[in-house]
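Okay, so here's the structure we're looking at.
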Amino acid sequence: MGKSAADEKILSYNDVVLRRSDLEILSGSYYLNDRIIEFYFSLLSSSHPSREILLVPPSIAFWITNCPDVDGLKDFLEPLKLSDRKLVIFPVNNNDDVSVAEGGSHWSLLAYYRTANVFVHHDSNAQMNKRHAMRLFKSVVGYIDGSSSACNAKYLDCIGTPQQTNGYDCGLYVTATARTICCWYESNKNKDATDLWFSAVKEQVTPSVVSEMRKEILGLIKDLMAKK
439 MGKSAADEKI LSYNDVVLRR SDLEILSGSY YLNDRIIEFY FSLLSSSHPS
489 REILLVPPSI AFWITNCPDV DGLKDFLEPL KLSDRKLVIF PVNNNDDVSV
539 AEGGSHWSLL AYYRTANVFV HHDSNAQMNK RHAMRLFKSV VGYIDGSSSA
589 CNAKYLDCIG TPQQTNGYDC GLYVTATART ICCWYESNKN KDATDLWFSA
639 VKEQVTPSVV SEMRKEILGL IKDLMAKK
């Protein structure tokens, strides 16, 4: 496929613009890019339209992780209204170079649950992204209550996170885990702080579910394209 054809815009969904090359990624055994994850997070946000839930786009999460200006970060985070959210989900990428767009080779997920006041890191490849998740946690934890004051939220690596069986499905584990956590939250709002979503993730995020999710996202995009 030529560059111009690959760059062809095929769908605008909320603030996400998908291109022809994104269909190719979903049609084969390829690593998901930022756009596909942002599209699915936007779709999840539409499916769970609660102000209590925030799914942070990859580009925003990356900037929070790597922002060199603490004062600028406070202004940057203000529109996210983190203090109003009960559940915040961040994609984590291991790109260390802010000058490289869509760099990195691995995705994981960091979720904040206000009831338990905990950030939980889910990594489908043996905590490969732990350093990057910790950096994101340290960058955002002071603002989760709406200020830069000290916050006593804890950080936890979920050692029971389902593990990928190949080198390219990490992004799909992120989307499947995000969906499971959102559904768990909607059905467990009245649970106490000791109850978390770990068993739901272990039961629902399986290799077969992840494999089907690639086809599911591709089908969703094609259905939306047909409705244009």
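Note that the working numbering gives residue 587 to position 149 of the sequence shown, counting from 1, and the numbers run on in steps of one. All C-beta atoms in this analysis are idealised placements derived from N, C-alpha and C, irrespective of residue type, glycine included.
Given residue i as reference, the closest of the options once Cα atoms are compared
i, options, result
"Ala443", "Ile475, Asp460 and Glu641", "Asp460"
"Trp501", "Asn471, Ser484, Glu490 and Phe514", "Phe514"
"Asp509", "Gly580, Asp661 and Thr613", "Gly580"
"Tyr623", "Leu492, Gln565 and Asn532", "Leu492"
"Arg458", "Gln642, Ile474 and Asn452", "Ile474"
"Arg573", "Leu520, Thr613 and Asn504", "Asn504"
"Phe575", "Ser562, Asn563, Ala564 and Asn590", "Asn590"
"Ser646", "Asn532, Tyr611, Asp633 and Ala638", "Tyr611"
"Tyr486", "Ile619, Leu634, Arg652 and Glu641", "It is His, not Tyr, that sits at residue 486 in the sequence shown. Here the closest residue by C-alpha is Ile619."
"Asp583", "Asn555, Ala564 and Thr615", "Asn555"
"Met566", "Asn533, Phe557 and Ser537", "Asn533"
"His553", "Ser497, Trp635 and Ile659", "In the sequence on display, residue 553 carries Thr and not His. Closest by alpha carbon: Trp635."
"Ala616", "Tyr593, Asp522 and Leu482", "Leu482"
"Ser465", "Arg652, Lys592, Ser546 and Tyr478", "Arg652"
"Asp535", "Ser521, Glu516, Ser546 and Ser497", "Ser497"
"Ser484", "Ser546, Phe557, Val454 and Thr644", "Val454"
"Ala606", "Ser649, Ser625, Lys640 and Ala638", "Rather than Ala, the amino acid found at residue 606 in this sequence is Tyr. Considering only alpha carbons, the answer is Ser649."
"Lys665", "Ser546, Ser450 and Glu654", "Ser450"
"Tyr593", "Glu516, Asp661, Asn626 and Phe557", "Phe557"
"Glu540", "Ala499, Ile659, Lys568 and Ser521", "Ala499"
Beta-ladder partner(s) of residue i, from DSSP
i, result
"Lys447", "Arg457"
"Ser543", "Paired residues: none, contrary to the question."
"Ile463", "Beta-bridge pairing links Ile463 to no other residue."
"Phe528", "Leu548"
"Leu493", "Ile527"
"Val536", "Val536 pairs with nothing; no bridge assigned."
"Val556", "Tyr551 and Lys592"
Residue burial classification, residue i (beta-carbon count within 10 angstroms, cutoff 16)
i, result
"Ile527", "buried"
"Glu476", "buried"
"Gln602", "buried"
"Gly657", "exposed"
"Gly609", "buried"
"Met663", "exposed"
"Asn604", "exposed"
"Asn452", "exposed"
"Arg489", "exposed"
"Asp507", "exposed"
"Asp472", "buried"
"Ser467", "exposed"
"Val578", "buried"
"Thr632", "exposed"
"Val639", "buried"
"Ala564", "exposed"
"Val643", "buried"
"Val494", "buried"
"Ser546", "buried"
Whole-Å CB distance - residue i paired with residue j, under 8 Å assumed
i, j, result
"Cys596", "His570", "Contact doesn't hold; Cβ gap of about 16 Å is too wide."
"Tyr551", "Leu525", "6 Å"
"Leu548", "Val530", "5 Å"
"Leu456", "Ile463", "The pair is not a contact, with the Cβ atoms about 10 Å apart (cut-off 8 Å)."
"Thr599", "Asp561", "6 Å"
"Tyr478", "Ile655", "6 Å"
Residue i beta carbon near the ligand COA (any heavy atom closer than 8 Å)
i, result
"Tyr451", "For the ligand COA, the structure offers nothing, since it holds no ligand at all."
Point to revise | Contiguous beta strand (DSSP E) assignments of at least 3 residues, all confined to the region 567 to 643 | key: As far as the region 567 to 643 is concerned, its whole beta strand (DSSP E) runs of at least 3 residues are 592 to 595.
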